[in-house]
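A.B. asks: Residue numbering for the sequence shown follows full-length UniProt numbering, beginning at 1 and increasing consecutively. Cβ coordinates follow ideal geometry from the N, Cα and C atoms, glycine included. Computed from a predicted structure; not experimentally measured. Sharing a structure, written as structure tokens. Questions coming.
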Amino acid sequence: MELSLHRLRMLRELHRRGTVTAAAASLHYTASAVSQQLAQLERDVGAKLFERLGRRVQLTELGNLLTEHAEEILGSVERATFALEEAQEARTVRLTAGVWASVASGLLPTALTALAGEHPGIQVRTRELAPEDTAEAVRDGTLDLSFVIDYSDAPTPWDGGLERAVVAVERLHAAVPRGAVPSGTASLDELAEHPWILASPKSHFGRAMRTACRRHGFSPKINHEVEEQSTAMAMVGAGLGVTLVSDLGLRLLRPPGIDVVALTTPLLRTVSIAYRRTAFRRPALHLVIDAVRASAAELGLGTESALP
Numbered sequence: 001m002e003l004s005l006h007r008l009r010m011l012r013e014l015h016r017r018g019t020v021t022a023a024a025a026s027l028h029y030t031a032s033a034v035s036q037q038l039a040q041l042e043r044d045v046g047a048k049l050f051e052r053l054g055r056r057v058q059l060t061e062l063g064n065l066l067t068e069h070a071e072e073i074l075g076s077v078e079r080a081t082f083a084l085e086e087a088q089e090a091r092t093v094r095l096t097a098g099v100w101a102s103v104a105s106g107l108l109p110t111a112l113t114a115l116a117g118e119h120p121g122i123q124v125r126t127r128e129l130a131p132e133d134t135a136e137a138v139r140d141g142t143l144d145l146s147f148v149i150d151y152s153d154a155p156t157p158w159d160g161g162l163e164r165a166v167v168a169v170e171r172l173h174a175a176v177p178r179g180a181v182p183s184g185t186a187s188l189d190e191l192a193e194h195p196w197i198l199a200s201p202k203s204h205f206g207r208a209m210r211t212a213c214r215r216h217g218f219s220p221k222i223n224h225e226v227e228e229q230s231t232a233m234a235m236v237g238a239g240l241g242v243t244l245v246s247d248l249g250l251r252l253l254r255p256p257g258i259d260v261v262a263l264t265t266p267l268l269r270t271v272s273i274a275y276r277r278t279a280f281r282r283p284a285l286h287l288v289i290d291a292v293r294a295s296a297a298e299l300g301l302g303t304e305s306a307l308p
């Protein structure tokens, strides 16, 4: 019997996700491709590994047994790969990173250009995900590393199997229609009467901003829910309301008609790189972290004010 690592990864994801569709989405395959590979795994084993229960798939006793061994096998392969990299001081490595828009445009261009110049063998591929999804993708092994965020008003629960390295600390600013706040500074509660443009409460950013507003004594009147900071700023420029935007968000294309207002009580968010604990000794990983930190420092987004 020969067991394919590729199919074992699919089995592991099926066990974690419960449906072929969810497993396929996490691995960036079509559901039909995953179904075909799992069917081939059953043929390889010569036994039934799955039973369908409506839309979900339940593993048989043998399926669960193979899943337990799959976790061990895949973990051993990962540890062996990292050990070889370390022993050989490997500098020819491909890493996949989870990013979102403001990180991809604000931090990565400078960081990856510098990294390519000093360590051309390290290839970093990126995959844009919602900030809420990047840490889980690292835990599952879909990504090697990802950017994650914590807000001063809404810390993120942390997965014990992951480590994180702080790479930048951003301030949040109010973006308001031109002339709406002549002084150029404001406390958050002074913006309470304005209509607001915010991300939905399903997002970490949306929840954190609502929490910050409540801490300042009001619930924002939200006229528009949009997820991207660039979209929110465009709506502010059209006079449709106010929003909050990060330092990196301000580096996105800023439309006319906006004033950026400093908050008298700072709101901070920490940008970190998350990675699996088993990857701690990977030289290439730390070279990427160092390059991103240097890029952040050039923008004045140092790590010395990191959240606890």
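Within this structure, are the beta carbons of Ile149 and Thr270 separated by less than 8 Å?
C.D. replies: Yes. Within cutoff.
A.B. asks: Here's the rule I'm using: 16 or more other beta-carbon atoms within 10 Å means buried, otherwise exposed. How should Val77 be labelled?
C.D. replies: So Val77 ends up on the exposed side.
A.B. asks: Between Gly98 and Thr134, how many whole angstroms is the CB-CB distance? I'm expecting something under 8 Å.
C.D. replies: So it is a contact: roughly 4 Å between Cβ atoms.
A.B. asks: Consider the Cβ of Ala101: report whether some Cβ of chain B lies at a distance smaller than 8 Å.
C.D. replies: Chain labels in this structure do not include chain B; a single protein chain is all it has.
A.B. asks: For a test of your reading of the model: does the CB of Pro109 fall under 7 Å from any non-hydrogen atom of the ligand MN? Yes or no.
C.D. replies: The model on display carries no ligand, and the ligand MN is accordingly not part of it.
A.B. asks: Which residue wins for smallest C-alpha separation from residue 310, given the options Leu285, Phe205 and Arg214?
C.D. replies: No information on residue 310 is available, as it lies outside the stretch 1 to 308 that the chain covers here.
A.B. asks: Roughly how many whole angstroms lie between the Cα atoms of Gly302 and Leu38?
C.D. replies: Cα to Cα, the separation comes out at about 47 Å.
A.B. asks: Can you tell which of Pro177, Ser183 and Arg139 has the C-alpha that lies nearest to the C-alpha of Ala234?
C.D. replies: Of the candidates Pro177, Ser183 and Arg139, the one whose C-alpha sits nearest the C-alpha of Ala234 is Pro177.
A.B. asks: Secondary structure at Pro308, three-state DSSP: helix, strand or coil?
C.D. replies: Summary for Pro308: the model assigns pLDDT 46, below 50, so the residue's position carries little reliability; its value from the coordinates is reported in the next sentence. Correct three-state label for Pro308: coil.
A.B. asks: Can you give me the Cβ contacts of Val288 inside the same chain, cut-off strictly under 8 Å, excluding the 5 residues immediately before and after it?
C.D. replies: Same-chain partners within the cutoff: Leu95, Ala97, Ala111, Leu115, Ile122, Val124, Leu145 and Ile273.
A.B. asks: To which residues of the same chain is Val236 closer than 7 Å at the C-beta, ignoring the five residues directly before and after it?
C.D. replies: Result list for Val236: Ala175, Val176, Pro177, Ile197, Val242, Thr243 and Ile258, in chain order.
A.B. asks: Quick check on the DSSP output: the beta strand (DSSP E) that includes Glu115 runs from which residue to which?
C.D. replies: Inspection of the sequence shows that residue 115 is occupied by Leu rather than by Glu. Not the beta strand (DSSP E): Leu115 falls in the alpha helix (DSSP H), residues Leu108 to Glu118.
A.B. asks: Count the CB pairs spanning the segment 146–166 and the segment 217–235 that are closer than 8 Å, and state whether there are at least three.
C.D. replies: Taking 8 Å as the limit for Cβ pairs, the verdict is that the segment 217–235 does not touch the segment 146–166.
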